[in-house]
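A.B. asks: Protein chains in written order, with full-length UniProt numbering: chain A, 1 to 252; chain B, 1 to 280.
Don't be surprised by glycine CBs; every beta carbon is placed ideally from N, CA and C.
Below is one structure. I have some questions about it.
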Amino acid sequence: MNNKVQLDQVNIHFGKTHAVKNVSILFPENSVTAIIGPSGCGKSTLLRSINRMHDLFPSARVEGRILVDGSDIYDKGVDPVSIRRRVGMVFQKPNPFPAMSIYDNVIAGYKLNGRMVKSEADDIVETSLKRVALWEEVKDRLKTNAMNLSGGQQQRLCIARTIAVKPEVILMDEPASALDPISTLKIEELIEELKERYTIIIVTHNMQQAARVSDYTAFLYMGELVECGETKKIFTTPEQKQTEDYITGRFG
Amino acid sequence: MMRSVAWRNTKNHLMTALMLAATAAVLFPLLLIFVHIVKMGIDSLSVDFFTQIPKPTGEQGGGMANGMLGSLIMIGAASLVGLPIGIFGAIYLTEYGGSRMSAAIRFAADVLSGTPSIITGLVAYSLLVVPMKGFSAMAGAAALGMIMVPIVLRTTEEQLKMVPGTLREASLALGVPLWRTSLKVTLRSATSGVLTGILLAIARVAGETAPLLFTALGNQFWGKSLFAPMAAIPLQIFTFAISPYEDWHRLAWAGALVLVVVMFTLSLTARYFGRQKYRI
């Protein structure tokens, strides 16, 4: 299988803190890879380096190579904006734009960039909402405020907003941690379907979730990659003692 | 035991009374000013006051129409230049600035807003009036603008800081460039607060007299252009109040009343906008 995203000896510093140490991982195309590890192990930091969200913090420094389709996204002359259009992101807490309607939230990526083609908007909204299984629930109230939706619906709306701009990779930063079990289940089913079209990298500290949704799992501890491989193998016959301890709940 | 409860209640009443007294002490001068100005000014308010320019000494009647127009023009010109600088400066501080540069700008803004306005007037005088060889409305507007910039900058900055970071991230992650995110998401979310800051800045300069003394100078007639002396309400109040004529005094009171009502309205509108929630 083709490797869509490739981390090659990535180091991330925040000022004096060395948050991610020498991490190399391959992310195969059209698969779900989970990054697991205890709080503060650097998994979110690592995730956010894949669409250059750290660029906003002057104190953050990313070293090593991060390749998407074989080319380094940190090369000189690469526009972070163009990277973020290819590598979308879903955040921990649902964050729809509070004063926009459901409809406008879905096409926010186009509207905010000022390149919305009116005739295509309806289409984009419908396909995106159908793809996140939200269409039936909201099709009669598209023009109402997005904040009236439940947390789970808001998160699916945020995923719809992300896929509306047609990314190739979707980063998910604990997308279900703020949701109830039923909404969580829906998001997990959704991830399963989305991988047919997108490469998905998901950070989670819920190990059952990682086991349920992912094809591959990377275990991060104290900024270092402990083990990485097929999810089934990581959860049944891990090679490292640390991985086994974490998965069996002995620490973390 | 009972005694201590009684004592605690007494203390409570005592402190409540003290705080009420302090509140009253704050409100009383405001009330005093308002009542006094209304009493002195209300009789001289007439249609003429809003439509006529001052009559020559000795003639009865006349108004401050030229001053009102002048104030409007100069505040408008000051806003045209000052507001964008303040707002974009604030965006730079919150969204772009490196820490040292931001700290320097913030410090400069704080010093500037603490500078006595007469000094701002003197600076405008030496930088604009002297080289251009004449008093002008433009120099007045420049002085007012200099006072507006730090106020708008600081209030806008505070408002932008309150916009949750998750909104910025949501926009950036959609591939929206930082400058578009700053304008279309961050600034727009803070609109109501920013408007409040703008109105307060306008209210502040609307009453400024000192920076106009050596710049716009004042004018008994309609201002001819931005490059000529121009009347303004606070200037006219000043000139008329120190004149020896009784009916000019009355006009000054009427002018003061108009000014106070305008400021009051601006502050109330500012409060109204301040209460609005985030909008995008």
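Report all residues from its chain with a CB closer than 7 angstroms to the CB of isoleucine 280 of chain B; omit the five preceding and five following residues, and keep chain order.
C.D. replies: For isoleucine 280 of chain B, the pLDDT reaches just 45, beneath the cut-off of 50, and the residue's location in the model is therefore unreliable, leaving the point undetermined.
A.B. asks: Taking only three categories from DSSP, how would you classify tyrosine 96 of chain B?
C.D. replies: Of the three classes helix, strand and coil, the one that applies to tyrosine 96 of chain B here is helix, per DSSP.
A.B. asks: Consult DSSP for glutamate 98 of chain A and reduce its assignment to one of helix, strand or coil.
C.D. replies: The sequence shown places proline at residue 98 of chain A, not glutamate. Coil, per DSSP.
A.B. asks: Using only CA atoms, which one of A/Val213, A/Glu120 and A/Gly109 lies nearest to leucine 167 of chain B?
C.D. replies: Of the candidates A/Val213, A/Glu120 and A/Gly109, the one whose C-alpha sits nearest the C-alpha of leucine 167 of chain B is A/Gly109.
A.B. asks: Can you find a CB in chain A that lies within less than 8 angstroms of the CB of threonine 186 of chain B?
C.D. replies: Not closer than 8 angstroms to any Cβ of chain A, the Cβ of threonine 186 of chain B fails to qualify, so no.
A.B. asks: Could you give the uninterrupted runs of the alpha helix (DSSP H) lying entirely in the segment 170–244 of chain A, keeping only those of 4 residues or more?
C.D. replies: Fully enclosed alpha helix (DSSP H) runs of 4 or longer: 181–194, 207–213 and 231–236.
A.B. asks: Taking just the CA atoms, how far does tyrosine 216 of chain A sit from asparagine 3 of chain A?
C.D. replies: If I take the Cα positions, the gap works out to 12 angstroms.
A.B. asks: Could you work out which residues of chain E lie near glycine 88 of chain A, taking near to mean beta carbons separated by less than 9 angstroms?
C.D. replies: The chain inventory of the structure shown lacks chain E, comprising the protein chains A and B.
A.B. asks: With a cut-off of 8 angstroms, do at least 3 Cβ pairs link the segment 47–62 of chain B to the segment 108–119 of chain B?
C.D. replies: The segment 47–62 of chain B is not in contact with the segment 108–119 of chain B.
A.B. asks: Quick one: Cα of residue 256 of chain A to Cα of alanine 210 of chain A, how far?
C.D. replies: No statement about residue 256 of chain A is possible, as the shown extent of chain A runs from 1 to 252 and does not include it.
A.B. asks: How many whole angstroms separate the CB atoms of isoleucine 200 of chain A and isoleucine 187 of chain A, which I take to be in contact at a CB cut-off of 8 angstroms?
C.D. replies: In fact, because the Cβ distance is near 11 angstroms, the residues do not count as touching under 8 angstroms.
A.B. asks: Between the Cα of residue 307 of chain B and those of B/Pro164, B/Ala256, B/Leu32 and B/Gly223, spot the shortest distance and give me the residue it belongs to.
C.D. replies: With chain B covering only 1 through 280, there is no way to say anything about residue 307 of chain B.
A.B. asks: Which residues in the same chain have their Cβ closer than 8 angstroms to the Cβ of isoleucine 124 of chain A, if we skip the five residues on either side of it in sequence?
C.D. replies: For isoleucine 124 of chain A, where only same-chain residues beyond five positions count, the Cβ hits under 8 angstroms are Val106, Ile107, Tyr110 and Ala164.
A.B. asks: Going by DSSP, what residue range makes up the alpha helix (DSSP H) through alanine 164 of chain A?
C.D. replies: Segment 151–164, the alpha helix (DSSP H) holding alanine 164 of chain A.
A.B. asks: At the level of alpha carbons, what is the spacing between isoleucine 202 of chain A and isoleucine 87 of chain B?
C.D. replies: Cα to Cα, isoleucine 202 of chain A sits roughly 38 angstroms from isoleucine 87 of chain B.
A.B. asks: Put tyrosine 278 of chain B into one of helix, strand or coil per three-state DSSP.
C.D. replies: Its pLDDT being 47, under 50, tyrosine 278 of chain B is placed unreliably by the model, and nothing is read from it.
A.B. asks: CB-CB under 6 angstroms to isoleucine 73 of chain A, same chain, minus the five flanking residues each way: which ones, in chain order?
C.D. replies: Result list for isoleucine 73 of chain A: Ile66 and Ile83, in chain order.
A.B. asks: Quick one: grab the DSSP three-state call for lysine 4 of chain A.
C.D. replies: Of the three classes helix, strand and coil, the one that applies to lysine 4 of chain A here is strand, per DSSP.
A.B. asks: Report the rounded CA-to-CA distance for leucine 127 of chain B versus isoleucine 118 of chain B, giving the unit in angstroms.
C.D. replies: Straight-line Cα distance between these residues: approximately 14 angstroms.
A.B. asks: Check glutamine 9 of chain A in the structure and name its three-state DSSP category.
C.D. replies: It is a strand residue.
A.B. asks: Which word fits proline 238 of chain A, buried or exposed, when buried means at least 16 other C-beta atoms lie within 10 angstroms of its C-beta?
C.D. replies: Buried, by the Cβ-count rule.
A.B. asks: Quick one: which unbroken alpha helix (DSSP H) runs of 4-plus residues sit fully inside the segment 169–233 of chain B? Chain order, please.
C.D. replies: Segments of the alpha helix (DSSP H) lying fully in the segment 169–233 of chain B: 178–181, 191–206 and 210–213.
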